[in-house]
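First comes the structure, then the notes that go with it.
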Amino acid sequence: MCLSEKKLLNVAKCEVKPILRDAICTLNTLQTNASALEQVRRERCNPQVQLQAMRGFLERAGITVEELDHLNIIHVTGTKGKGSTCAFTEQILRSYGFCTGFYSSPHLVQVRERIRINGQPIGKELFTKYFWQVYGRLYETKDAHGGTMPAYFRFLTILAFHVFLQEKVDLAVIEVGIGGAYDCTNIIRRPWVCGISSLGIDHTQILGDTTEKIAWQKGGIFKSGVPAFTVKQPEEAMAVLKDRAKEISCPLWVCPELEDYKADCGPLHLGLAGKHQRSNASLALQLSHTWLQKRCLPECYVLVQCMVSGLAETEWHGRNQTLKHGAVTYFLDGAHTMRSMQACLQWFTETAAQHERNASGPVTRVLLFNATGERDSAAMLKLLVPCHFDFAVFCPNITEAITSCNADQQNFNVSVENMLTRCLDNERSWRLHHSLGDNQGTQLLIEGGLPLISEKKADTLVFPCILSALQWITQGRDAVLAAKGVLAVKPNIAAKAALLRSAAEIHVLITGSLHLVGGALKHLDPESSK
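In terms of the numbering used here, the sequence shown opens at residue 920 and continues consecutively.
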């Protein structure tokens, strides 16, 4: 922590404005330490206890579950596309003039992104003010409750509810963290409508290792009498969702294809790139339409201007996002499952081809990749092999190799050693996919306590942080990165970059982890850190 807990609470109570960084440092103490993660996983075998604990934390923070009923909530889960669905839904309803709250995870650059009012992350002063209100109530009551404090995500969920209630939003779009049935957002009793985006395999240690088990978890957000919508799902997953809906007495509908909607104001255009966004947009239309019907809108099956403009104006950074900085074009997508990587691959192939047709000369393609947790990074990398990258670069989700790293992006759930080992495993997988074999002689240069880069194969390199990887890839040709200084490397490493220096353009796909994409955006889009 940056200051003692008691001193920080005293600062929060007095007239002096508390500092945002102190709040974030204190928030980070609620992250589960890597050594305690196994205990948390064991506790999940009794998930009902977790929801009971959430109710207790909520009450200690001064919020009742009955108050949440007044937030007019839209509750959304899914494996792929739930964040994009929420973004579409929020933008549509904001287009109607409603004051919207939007809670999502994870954040890309700043933790304030998780809690939005009218599409914008809450301001620094507002975040700090509400953070200490909630943290103070929980801290002051912890001794009477066995010294317990809510973990990171659970605390942020409580904070989001508090913010939305205090700011008196007209509605709140709430994205599930993991799963559904036992996710802490499922403390919600009476949402106005629920949605389930595309299902697939992810978080198997928590949710199960089959689509049926995962579908059961996701269907746990259904509530009796509350309308629910889902997109077309694999047959076995759809069967489970229908059984769950029947069991809970929840009316469930499958969304039509986007092409089936009738718009009275021209063709539909989506603000988010990628064909897979069409099902997310359809789900968002059903969710927003159902919410509007309950609030004020008469029965209508023709898309009106607010819906059409809402879809077109939606922004959701880090998903199928393109940034062009002079001769360097970045393609950013936080795909981290097999299905989402397949969607990313389709989007990148089509979009990069368009950019290459307009290039003034030869283009060098670079992959910047990292994957975390239990995800099958080798299988995801295999999907990317046909893209014919000239370089595959790997780095951990560390923004820069200095101790003053952005507190918003610190992660105590995994050790640096494990992150670097994962990068070397990813590099080895890439070489094997290219039939290059496993170079047992790969050595890492240690500089400043962190490995620098792998010295062996010219087409694969491992860097200690995101900034050093981006600096090497761009070779001073991105003015935004060049302003951060020059990366010092050995002459033989510098020689490998000749292709990057001579290319007319450099195209960089950054994928495998939303945290990686967020770390890259911190450097590539300075406005995102303000």
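Heads up, the beta-carbon is just placed ideally off N, CA and C, and yes, glycines get one too.
Exercise for the section: Using the Cα positions of Ser1198 and Glu1059, report the straight-line distance between them to the nearest angstrom. Expected result: Here the question's residue 1198 lines up with position 279 in the sequence shown. Here the question's residue 1059 lines up with position 140 in the sequence shown. Going by the C-alpha atoms only, they are around 46 Å apart.
Exercise for the section: Would you be able to state if there are at least three C-beta pairs under 8 Å between the segment 999-1008 and the segment 1072-1086? Expected result: With a cut-off of 8 Å, the segment 999-1008 and the segment 1072-1086 do not count as touching, because too few Cβ pairs lie within range.
Handout entry: Helix, strand or coil at Ile1133 according to DSSP, with G and I counted as helix
Key = As a working note, residue 1133 is residue 214 in the sequence shown. Helix.
Handout entry: Residue from Asn947, Glu1154 and Gly1138 whose Cα sits closest to the Cα of Tyr1101
Key = Looking up residue 1101 in the sequence shown gives position 182. Checking every option, the nearest Cα to that of Tyr1101 belongs to Gly1138.
Problem - Boundaries of the beta strand (DSSP E) in which Ile1167 is found, first to last residue - result: Start at 1 with the first residue of the sequence shown, and residue 1167 comes out as number 248. No beta strand (DSSP E) holds Ile1167; the alpha helix (DSSP H) holding it covers Glu1154 to Ile1167.
Handout entry: Rounded straight-line distance, which links the Cα of Glu1086 to that of Arg974
Key = As a position in the sequence shown, residue 974 is number 55, starting the count at 1. As a position in the sequence shown, residue 1086 is number 167, starting the count at 1. Cα to Cα, the separation comes out at about 22 Å.
Exercise for the section: Report the rounded CA-to-CA distance for Val1307 versus Lys1132, giving the unit in angstroms. Expected result: Reading the sequence shown from its first residue, position 388 is the one you call residue 1307. Reading the sequence shown from its first residue, position 213 is the one you call residue 1132. A small correction: the amino acid at residue 1307 is His; Val does not occupy that position in the sequence shown. Cα-Cα distance, rounded: 36 Å.
Practice task
Quick one: which unbroken alpha helix (DSSP H) runs of 4-plus residues sit fully inside the segment 998-1048? Chain order, please.
Solution key: 1001-1014
Practice task
Report yes or no: do three or more beta-carbon pairs, one from the segment 1087-1096 and one from the segment 1014-1026, lie closer than 8 Å?
Solution key: yes
Handout entry: Lys1087, enclosing alpha helix (DSSP H) - first and last residue
Key = Taking the first residue of the sequence shown as position 1, residue 1087 is located at position 168. That residue, Lys1087, is in no alpha helix (DSSP H); it is neither H nor E in DSSP.
Problem - Stretch-stretch touch, CB-based, cutoff 8 Å, three pairs: the segment 1277-1296 with the segment 1333-1348 - result: yes
Exercise for the section: Identify every run of the beta strand (DSSP E) within the segment 1299-1349, keeping only runs that are complete inside it and at least 3 residues long; order them along the chain. Expected result: 1310-1313
Problem - Candidates Leu1351, Ile1317, Met1226 and His1353, of which the one nearest Asn1337 by Cα - result: The sequence position of residue 1337 within the sequence shown is 418, counting from 1. The option with the nearest alpha carbon to Asn1337 is Ile1317.
Exercise for the section: Rank Cys1225, Ser1168 and Phe1080 by C-alpha distance to the C-alpha of Gly1016 and give the top, closest one. Expected result: As a position in the sequence shown, residue 1016 is number 97, starting the count at 1. Of the candidates Cys1225, Ser1168 and Phe1080, the one whose C-alpha sits nearest the C-alpha of Gly1016 is Cys1225.
Practice task
In the DSSP assignment, find the alpha helix (DSSP H) that holds Lys1213 and state where it starts and stops.
Solution key: Translated into positions along the sequence shown, residue 1213 becomes position 294. Residue range Gln1196 to Arg1214 is occupied by the alpha helix (DSSP H) that includes Lys1213.
Exercise for the section: Pull up the distance between the alpha-carbon of Gln950 and that of His1434, whole angstroms please. Expected result: Stepping through the sequence shown from its first residue, residue 950 is reached at position 31. Stepping through the sequence shown from its first residue, residue 1434 is reached at position 515. Approximately 15 Å between the Cα atoms of the pair.
Exercise for the section: Would you tell me roughly how many angstroms separate the C-alpha atoms of Leu1012 and Ala1413, rounded to the nearest one? Expected result: Here residue 1012 refers to the residue found at position 93 of the sequence shown. Here residue 1413 refers to the residue found at position 494 of the sequence shown. Distance between the alpha carbons of Leu1012 and Ala1413: 51 Å.
Exercise for the section: In angstroms with no decimal places, state the Cα-to-Cα distance between Arg1396 and Ser1421. Expected result: The residue labelled residue 1396 in the question sits at position 477 within the sequence shown. The residue labelled residue 1421 in the question sits at position 502 within the sequence shown. When rounded, the distance between both Cα atoms is 11 Å.
Handout entry: Between the CA atoms of Gln1136 and Ser1387 - distance to the nearest angstrom
Key = For this step, residue 1387 is matched to residue 468 along the sequence shown. For this step, residue 1136 is matched to residue 217 along the sequence shown. If I take the Cα positions, the gap works out to 40 Å.
Practice task
Report yes if the CB atom of Glu1319 is closer than 9 Å to the CB atom of Ile1385, and no otherwise.
Solution key: Numbered from its first residue, the sequence shown carries residue 1319 at position 400. Numbered from its first residue, the sequence shown carries residue 1385 at position 466. Yes, the pair counts as a contact, with Cβ atoms nearer than the cut-off.
Practice task
Following the continuous beta strand (DSSP E) through Phe1250, name the residue where it begins and the one where it ends.
Solution key: Taking the sequence shown and counting its residues from 1, the one referred to as residue 1250 is at position 331. Residues Val1247 to Asp1252.
Problem - Residues bridged to Glu1424 (per DSSP) - result: Reading the sequence shown from its first residue, position 505 is the one you call residue 1424. According to DSSP, which records beta bridges pairwise, Glu1424 is partnered with Val1282.
Exercise for the section: Classify Thr1393 as helix, strand or coil using the three-state DSSP reduction. Expected result: What you label residue 1393 is simply residue 474 of the sequence shown in a count that begins at 1. For Thr1393, the three-state secondary structure derived from DSSP is helix.
Handout entry: CB contact flag (Leu1428, Gln1394, <9 Å)
Key = Taking the sequence shown and counting its residues from 1, the one referred to as residue 1428 is at position 509. Taking the sequence shown and counting its residues from 1, the one referred to as residue 1394 is at position 475. At a Cβ-Cβ threshold of 9 Å, Leu1428 and Gln1394 do not count as neighbours.
Practice task
Please classify Ala972: does DSSP put it in a helix, a strand, or coil?
Solution key: Sequence index remark: in the sequence shown, residue 972 carries index 53 (1-based). Looking at Ala972 - three-state DSSP - the assignment turns out to be helix.
Practice task
Give me the Cα-Cα distance between Gly997 and Leu1171, rounded to the nearest whole angstrom.
Solution key: Position 78 of the sequence shown, counted from the first residue, corresponds to residue 997. Position 252 of the sequence shown, counted from the first residue, corresponds to residue 1171. Spanning the two alpha carbons is a distance of roughly 15 Å.
Handout entry: Simplified DSSP assignment, three categories, for Pro1382
Key = As a position in the sequence shown, residue 1382 is number 463, starting the count at 1. The sequence as given places Phe at residue 1382; Pro does not occur at that position. Residue state, collapsed to three classes: coil.
Handout entry: Inter-stretch contact at 8 Å, needing at least 3 Cβ pairs: the segment 1228-1240 / the segment 1154-1161
Key = no
Problem - Sub-9 Å separation of Ser1296 and Gly1119 beta-carbons - result: Here the question's residue 1296 lines up with position 377 in the sequence shown. Here the question's residue 1119 lines up with position 200 in the sequence shown. Against a cut-off of 9 Å, the Cβ pair of Gly1119 and Ser1296 comes out as no contact.
Handout entry: Beta-bridge pairing of His1244 - partner residues as DSSP gives them
Key = Walking along the sequence shown from the start, residue 1244 turns up at place 325. According to DSSP, which records beta bridges pairwise, His1244 is partnered with Val1247.
Handout entry: Nearest residue (CA-CA) to Val1304, options Ser1279, Leu1264 and Val1335
Key = Taking the first residue of the sequence shown as position 1, residue 1304 is located at position 385. The closest CA to that of Val1304, considering only Ser1279, Leu1264 and Val1335, is found on Leu1264.
Exercise for the section: Leaving aside the five residues before and after Phe1046 along the sequence, list all residues of the same chain whose C-beta is less than 6 Å from its C-beta, in chain order. Expected result: Working through the sequence shown from its first residue, we reach residue 1046 at position 127. Closer than 6 Å at the Cβ level, and outside the excluded window around Phe1046, lie Arg1031.
Problem - Boundaries (first-last residue) of the alpha helix (DSSP H) holding Cys1174 - result: Taking the sequence shown and counting its residues from 1, the one referred to as residue 1174 is at position 255. Unbroken run through Cys1174: none, as it is neither H nor E.
Handout entry: Reduced DSSP category for Lys1181 - H, G, I as helix; E, B as strand; rest coil
Key = Translated into the one-based positions of the sequence shown, residue 1181 becomes position 262. Residue state, collapsed to three classes: strand.
Problem - Beta-carbon contacts of Ala1398 that lie in its chain and below 8 Å, excluding the five residues immediately before and after - result: By one-based count along the sequence shown, residue 1398 stands at place 479. Result list for Ala1398: His1244 and Gly1245, in chain order.
Practice task
Determine the extent of the beta strand (DSSP E) in which Phe1148 is found, giving its start and end residues.
Solution key: One-based indexing of the sequence shown puts residue 1148 at position 229. Counting along the chain, the beta strand (DSSP E) containing Phe1148 begins and ends at Ala1147 to Thr1149.
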